[in-house]
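Here's the structure, in structure tokens; my notes come after.
Residue numbers (my numbering), protein chains in the order written: chain U, 1 to 214; chain C, 1001 to 1206; chain P, 2001 to 2241.
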């Protein structure tokens, strides 16, 4: 990403991760946890927060060290840093709640292999001062959490008839089991992408010829 | 009372899984891409054409085999010294090196292939399928041979999924689609359908 | 990410700084990981103990205290921090008066989607299985997970017979899963219609584990019966290590 070299922090630094460059919906990064752990809203939220923490911590550290890491070993360094923070998150979640840990399974440790985090380290944190990296990483992490929640909420409501474990429709609701199955993850994310694409196209159409709307 | 023992106990009650079962399970019933959601980045990114999808799949299979062996050996060492908390860092470092190895080999022996795989080779490092494989074989306490077969199954399953996807997408190229489905959305929908059909393989081991 | 060609033409950094950076990072991350590990270790151990305890008390009705034993071919020994580590781990549950209520052990078999891991409680007095708890399940939601939620299926394990044969080397009657609604003998499990494979897996897991464990456990059951059970106060203390 060819970012201009100014160090001013704008609203954009923060918000690009939320929407315009949303890691999931726009850049399609870090898809594995997006689909795997979003079969309930609470799992999605926990995963989002864990990822946010790793993104923030590794982004800060890499940004601080950016001038003392030789080019040739930078990827190895980034990976070790990321793996360190993921291990920390892994043990912390185990200490907070074993149930949650069992629900997320190996996917906490797989945060290491989330292309989004390494991608941000390489493209942003290694080129920008700490404060700016922190702001940007927060935006990206929140955008990621938001996307996870979008999926988790839809899948839990349709697939289990509940939200954050609270029953919504009563016993007469017949859950759409497919939604909590792996296939549901693909389908719901596909549906979200279709929706966004449709909104985008409608917007650009109205901008191009406003007459057609009236 | 004594605290819960932290040392590792052999759980001998567990059913010993046969090699053929492990293989079939990894290829079909618990396909890494379609059931476990591992390795989605290359699955969506490099599945446009069959003749890039196949080499990508083969490279992944190779890296899987190498890292499975390495991960098994490393885990033995880690367990022997009781420093399992370093597992994640050790695994990812080994995988990164294994990828580097494949990259150098390809560059030397097949520059054309190297160019066509482009950015995705270094990205195998962050392919969660590889790390996932290493972690799962550890959690499942597979023996050396079992791990190797598991890696083979996972790799073959990955190739199968990415080839199916590439075949479907080549067909889609030729058909008229609504404009909003250009892009990843339709690939995901296809993935969903593939995943549903692969569910039919579940129960193979029962 | 720069292409390898671009890396090649860059002036190479001397090896010294590279090694220094890697060493520094390695030490930093090692420090952080060990710190976290040490800080969370007691909490995680306590969490795990509590989870196991809850599961054990659930599958052994009436148990309020637990003690761990290792079962091997030749003996049953209480688990001690520096004792032997080979063997099958079982959890004995005692009531308030210190009477043995049952022994819980783990079992597992291949279900529909993945391995089903469960814990079952064995009552040595009635020679039957008193309860099961599924520890890990990846079965199809709405179908396979009925092995947890289906009341009729769970009722199979109020008293599922698992008697040793006269020779004492295997079960008198194999535990089998039968078609839904056709259970006739106390050692049969009524399957759930629509979740046959998952039901069969439970039966298979129990049979396999009981066939292997009970012939080794029962001759030494008095070791467990007579072992001083932990008092309740000790039990709740032990988490602090």
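C-beta atoms are modelled at their ideal positions from N, C-alpha and C, and glycine is treated no differently.
Along the chain, where does the beta strand (DSSP E) containing residue 2189 (chain P) start, and where does it finish? Residue numbering aside, residue 2189 (chain P) sits at position 189 when the third chain is read from its first letter. Element bounds for residue 2189 (chain P): 2188–2190.
Quick check on DSSP: helix, strand or coil for residue 2076 (chain P)? Your numbering for residue 2076 (chain P) matches position 76 in the third chain. Correct three-state label for residue 2076 (chain P): strand.
Is it right to say residue 1111 (chain C) is buried, meaning 16 or more other beta carbons lie within 10 angstroms of its own, or is it exposed? Numbered from 1 along the second chain, position 111 holds the residue referred to as residue 1111 (chain C). Its Cβ having fewer than 16 others within 10 Å, residue 1111 (chain C) is exposed.
Who are the neighbours of residue 197 (chain U) on chain C, taking C-beta pairs under 9 Å? For the purposes of this step, residue 197 (chain U) is identified with residue 197 of the first chain, where counting begins at 1. Within chain C, the residues near residue 197 (chain U) are 1179, 1180, 1181, 1182, 1183 and 1185.
Note down the Cα distance separating residue 27 (chain U) from residue 114 (chain U), rounded to an integer number of angstroms. Here residue 27 (chain U) corresponds to residue number 27 of the first chain, with the count starting at 1. Here residue 114 (chain U) corresponds to residue number 114 of the first chain, with the count starting at 1. Looking at the two C-alpha atoms, the distance is approximately 13 Å.
Is it buried or exposed for residue 2035 (chain P), if we count other Cβ within 10 angstroms and need 16 for buried? The residue labelled residue 2035 (chain P) in the question sits at position 35 within the third chain. Looking at its Cβ environment, which holds fewer than 16 other Cβ atoms inside 10 Å, residue 2035 (chain P) is exposed.
Mind listing the chain U neighbours of residue 1093 (chain C)? Cutoff is C-beta to C-beta under 9 Å, in chain order. For this step, residue 1093 (chain C) is matched to residue 93 along the second chain. What residue 1093 (chain C) touches in chain U: 76, 79, 80 and 83.
Report back the beta-carbon spacing between residue 35 (chain U) and residue 1037 (chain C) to the nearest angstrom; my notes put them in contact at under 8 Å. Residue 35 (chain U) sits at position 35 when you count from the first residue of the first chain. Residue 1037 (chain C) sits at position 37 when you count from the first residue of the second chain. The Cβ separation is near 4 Å, so the contact holds.
Return the CA-CA distance between residue 2087 (chain P) and residue 2072 (chain P), expressed in angstroms with no decimal places. By 1-based counting over the third chain, the position of residue 2087 (chain P) is 87. By 1-based counting over the third chain, the position of residue 2072 (chain P) is 72. Their Cα atoms are separated by approximately 5 Å.
So residue 1087 (chain C) and residue 1078 (chain C) are in contact, right, with Cβ under 8 Å, and what is the actual spacing, rounded? Here the question's residue 1087 (chain C) lines up with position 87 in the second chain. Here the question's residue 1078 (chain C) lines up with position 78 in the second chain. Confirmed, Cβ separation roughly 6 Å.
Unbroken stretches of the beta strand (DSSP E), 3 residues or longer, contained in the stretch 2098–2173 of chain P: 2100–2110, 2115–2123 and 2128–2136
What's the gap between the Cα of residue 178 (chain U) and the Cα of residue 159 (chain U)? The count along the first chain starts at 1 and reaches residue 178 (chain U) at position 178. The count along the first chain starts at 1 and reaches residue 159 (chain U) at position 159. Their Cα atoms are separated by approximately 7 Å.
Roughly how many angstroms lie between the CA atoms of residue 1040 (chain C) and residue 193 (chain U), to the nearest whole one? Along the second chain, one-based indexing puts residue 1040 (chain C) at 40. Along the first chain, one-based indexing puts residue 193 (chain U) at 193. Rounded to the nearest angstrom, the two C-alpha atoms are 16 Å apart.
Continuous alpha helix (DSSP H) assignments of at least 4 residues falling wholly in the stretch 11–85 of chain U: 11–15, 31–36 and 41–64
For residue 2234 (chain P), three-class secondary structure by DSSP: Here residue 2234 (chain P) refers to the residue found at position 234 of the third chain. In this prediction, residue 2234 (chain P) scores a pLDDT of 44, lower than 50, which makes its location untrustworthy; the coordinate-derived value is nonetheless stated afterwards. Here residue 2234 (chain P) sits in helix by DSSP.
Can a CB atom of chain C be found closer than 9 Å to the CB of residue 2 (chain U)? Taking the first residue of the first chain as 1, we reach residue 2 (chain U) at position 2. Residue confidence is low: residue 2 (chain U) scores 43 on pLDDT, short of 50, so the model does not pin down where it sits. No coordinate-derived value is stated.
Under 8 Å Cβ-Cβ, which residues of chain C neighbour residue 35 (chain U)? Position 35 of the first chain, counting from 1, holds the residue named residue 35 (chain U). Simply 1037 and 1040.
Residue 1019 (chain C) versus residue 1149 (chain C): straight-line alpha-carbon distance, rounded: To locate residue 1019 (chain C), count along the second chain from 1; it is residue 19. To locate residue 1149 (chain C), count along the second chain from 1; it is residue 149. If you take the alpha carbons of residue 1019 (chain C) and residue 1149 (chain C), they lie about 7 Å apart.
I need the straight-line Cα distance from residue 1201 (chain C) to residue 2097 (chain P), nearest angstrom please. On the second chain, position 201 is the one that residue 1201 (chain C) refers to. On the third chain, position 97 is the one that residue 2097 (chain P) refers to. Cα to Cα, residue 1201 (chain C) sits roughly 51 Å from residue 2097 (chain P).
Cβ-based burial, residue 1190 (chain C) [other Cβ within 10 Å; buried from 16]: Reading the second chain from its first residue, position 190 is the one you call residue 1190 (chain C). Looking at its Cβ environment, which holds 16 or more other Cβ atoms inside 10 Å, residue 1190 (chain C) is buried.
Less than 8 Å between C-beta atoms, sequence neighbours within five positions excluded: which residues of the same chain meet that for residue 1102 (chain C)? Here residue 1102 (chain C) is taken as the residue at index 102 of the second chain, counted from 1. Counting only Cβ-Cβ distances below 8 Å, and skipping sequence neighbours, we find 1059, 1062, 1063, 1066, 1121 and 1124.
Cβ of residue 133 (chain U) within 9 Å of Cβ of residue 74 (chain U)? Taking the first residue of the first chain as 1, we reach residue 133 (chain U) at position 133. Taking the first residue of the first chain as 1, we reach residue 74 (chain U) at position 74. Not a contact, by the Cβ cut-off of 9 Å.
Are residue 1089 (chain C) and residue 95 (chain U) touching if we call contact CB-CB under 9 Å? Against the second chain, residue 1089 (chain C) aligns to sequence position 89. Against the first chain, residue 95 (chain U) aligns to sequence position 95. No, the pair does not count as a contact, with Cβ atoms beyond the cut-off.
Partner residues on chain P for residue 88 (chain U), Cβ-Cβ distance less than 8 Å: Here residue 88 (chain U) is taken as the residue at index 88 of the first chain, counted from 1. By Cβ distance, chain P contributes 2032, 2033 and 2036.
Identify the continuous alpha helix (DSSP H) that holds residue 1138 (chain C) and give its terminal residues. The sequence position of residue 1138 (chain C) within the second chain is 138, counting from 1. Its alpha helix (DSSP H) spans residues 1128–1139.
Distance CB(residue 1194 (chain C))-CB(residue 1154 (chain C)) smaller than 9 Å: Locating residue 1194 (chain C) in the second chain gives position 194, counting from the first residue. Locating residue 1154 (chain C) in the second chain gives position 154, counting from the first residue. Their beta carbons are not under 9 Å apart, which means residue 1194 (chain C) does not touch residue 1154 (chain C) by this criterion.
Check whether the Cβ of residue 1089 (chain C) lies closer than 9 Å to any Cβ atom in chain P. As a first step, residue 1089 (chain C) must be located in the second chain, where it is residue number 89. Residue 1089 (chain C) counts as touching chain P.
Determine the DSSP secondary structure at residue 92 (chain U), reduced to helix, strand or coil. Sequence index remark: in the first chain, residue 92 (chain U) carries index 92 (1-based). Helix at residue 92 (chain U).
For residue 203 (chain U), count neighbouring C-beta atoms within 10 Å of its own C-beta (all shown protein chains included) and say buried if the count is 16 or more, exposed if not. The residue given as residue 203 (chain U) occupies position 203 in the first chain. Its Cβ having fewer than 16 others within 10 Å, residue 203 (chain U) is exposed.
Spatial neighbours of residue 2193 (chain P) in its chain, beta-carbon cut-off 6 Å, leaving aside the 5 residues before and after: Position 193 of the third chain holds residue 2193 (chain P). Around residue 2193 (chain P): 2180.
Indicate whether at least one CB of chain U lies closer than 9 Å to the CB of residue 1000 (chain C). The displayed coordinates of chain C run from 1001 to 1206. Any statement about residue 1000 (chain C) would go beyond what the structure contains.
Which runs of the alpha helix (DSSP H) fall wholly inside the stretch 1132–1201 of chain C and span at least 4 residues, in chain order? 1144–1173 and 1184–1199
Between which two residues does the beta strand (DSSP E) harbouring residue 1027 (chain C) extend? Taking the second chain and counting its residues from 1, the one referred to as residue 1027 (chain C) is at position 27. Neither: residue 1027 (chain C) is in no beta strand (DSSP E) and is coded neither H nor E.
Please check if any C-beta of chain U sits within less than 9 Å of the C-beta of residue 1009 (chain C). As a position in the second chain, residue 1009 (chain C) is number 9, starting the count at 1. The predicted model places residue 1009 (chain C) with a pLDDT of 39, which falls under 50 and marks its position as unreliable; any figure quoted below should be read in that light. By this cut-off, residue 1009 (chain C) is not an interface position.
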